[in-house]
Amino acid sequence: MQEIKVRSFSLKKIPFKLIIIYAVLLFFVLLINYPFIWMVATSLKSRTEVFTIPSRLFPAVPIWSNYAHAWALAPWAKYFFNTIIAAVVPTVGQMFFGALAAYAFTRNFRGSKIIFTFFLGTMMIPMQATLVPNYVILRNLSWINTYQGLTIPFITSAFSIFLLRQYFLTIPKDYEDAAVIDGSGPFYYLFRILVPLSKSALITVALFAFMDRWNDYIWPLIMTTKDTMRTVQVGMAVFQSESGTEWTYLMAASTFVSLPGIILFLIVQRRFIDGVMMSGVKG
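Just so you know, we're using full-length UniProt numbering here: the sequence shown kicks off at 1 and counts up by one.
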């Protein structure tokens, strides 16, 4: 019978420099995540335990019913439904139209670099500078308190087009030459070859777009006046003003509002990192 050798783990075999590096990284991880840890811990405390001195980070007995009470105090189901629409539609739009525009900017047509430079210049214009003109336009279209007003202005993004264009440039041109030899047109090459090879970049665009719309507060605030059209961020502000000093319920609401974005990032984080790294390789 063959003997199985098991290597024993020993800290002495790990370089001291590596231990210091990981210790520093662990410290910063805990420091950065401390607000979130405090939020979750506070959401599980009782009302009196929040203001107990000296305070303790974790509750003695977790009170999970705080989440049910916080959910019942506001129409969160409607808020989440509105936010999902306001986030998913622009995300799909930025992936589709971003791929079309990015592919066009990879072509060497006359004036392409000048047009692309001016196009990137729009990224430097802050949203606050265009807030009033955009609101006036959508008000004239009667899109206040509508899903069109929450989604249509964001179905394209200069940043998404820039990121996809940079990623498309890293893909060898041999693929396109082979597609042309086989008789394929530009749309066939884009959607059947280029897009499947750019999954990491598309996932990165989707994550940026989704989180941007999910966490947006200003635009839904001015575009919605009815409670039935509010998103979770506007709903959080209203909930805070109505709940007052009910910190346990407020932290519980903050937790389940933040959870979808955290879960989404954990699912796609590997593709996200690859997309960000590869999108800046070639200009």
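Using N, Cα and C, we set each Cβ at its ideal position, and we do this for glycine too.
Counting only unbroken stretches of 4 or more residues, the alpha helix (DSSP H) elements lying wholly within the region 150 to 215 are 158 to 168, 174 to 181, 186 to 189 and 199 to 214, in sequence order. In the three-state DSSP reduction, tyrosine 217 falls in the coil class, being neither helix nor strand.
The region 67 to 74 makes contact with the region 232 to 242: 3 or more CB pairs, one atom from each, lie closer than 8 Å.
Boundaries of the alpha helix (DSSP H) around tryptophan 38: 16 to 43. Put simply, the region 120 to 128 does not touch the region 202 to 211. Fewer than three CB pairs are less than 8 Å apart.
Closest option to serine 160, judged by alpha-carbon separation, among Asp177, Ile171 and Tyr103: Tyr103. Of the other Cβ atoms in all chains shown, 16 or more fall within 10 Å of the Cβ of tryptophan 214; this residue is therefore buried.
Excluding five sequence positions before and after tyrosine 79, the CB atoms of its chain that fall closer than 7 Å to its own CB belong to Arg230, Thr231, Val232 and Gly235, given in chain order. Of the candidates Thr224, Leu190 and Phe16, Leu190 places its Cα closest to the Cα of threonine 106. A direct Cα-Cα distance of roughly 20 Å separates aspartate 177 from leucine 164. For glycine 111, there is no enclosing alpha helix (DSSP H), as DSSP marks it with neither H nor E.
Considering only Phe97, Leu31, Ala70 and Pro35, the residue with the shortest C-alpha distance to phenylalanine 187 is Phe97. The shortest C-alpha to C-alpha distance from methionine 223 to any of Asp182, Val268, Val132 and Val180 is the one to Val132. Look at the beta carbons and you see the region 49 to 68 not touching the region 105 to 124: under three pairs across the two are nearer than 8 Å. Contact between threonine 156 and glutamine 94 holds, with the beta-carbon distance rounding to 6 Å and staying under 8 Å. C-alpha of serine 43 to C-alpha of glycine 111: approximately 56 Å in a straight line. Taking 8 Å as the cut-off, the beta carbon of threonine 255 is found closer than this to the beta carbon of valine 40. If you check the CB distance, alanine 86 and proline 220 come in under 8 Å. For glutamate 49, the enclosing alpha helix (DSSP H) covers residues 47 to 50.
Counted as a single uninterrupted DSSP element, the alpha helix (DSSP H) harbouring arginine 139 occupies residues 127 to 140.
Taking a C-beta distance under 8 Å as the contact criterion, threonine 151 and valine 61 do not qualify as a contact pair.
One alpha carbon belongs to valine 195, the other to phenylalanine 168, and they sit about 9 Å apart. Within a 10 Å sphere around the beta-carbon of methionine 124 sit fewer than 16 other beta-carbons, which makes this residue exposed.
DSSP, read as helix, strand or coil, puts leucine 57 in coil.
Here glutamate 242 carries a helix assignment [DSSP, helix/strand/coil].
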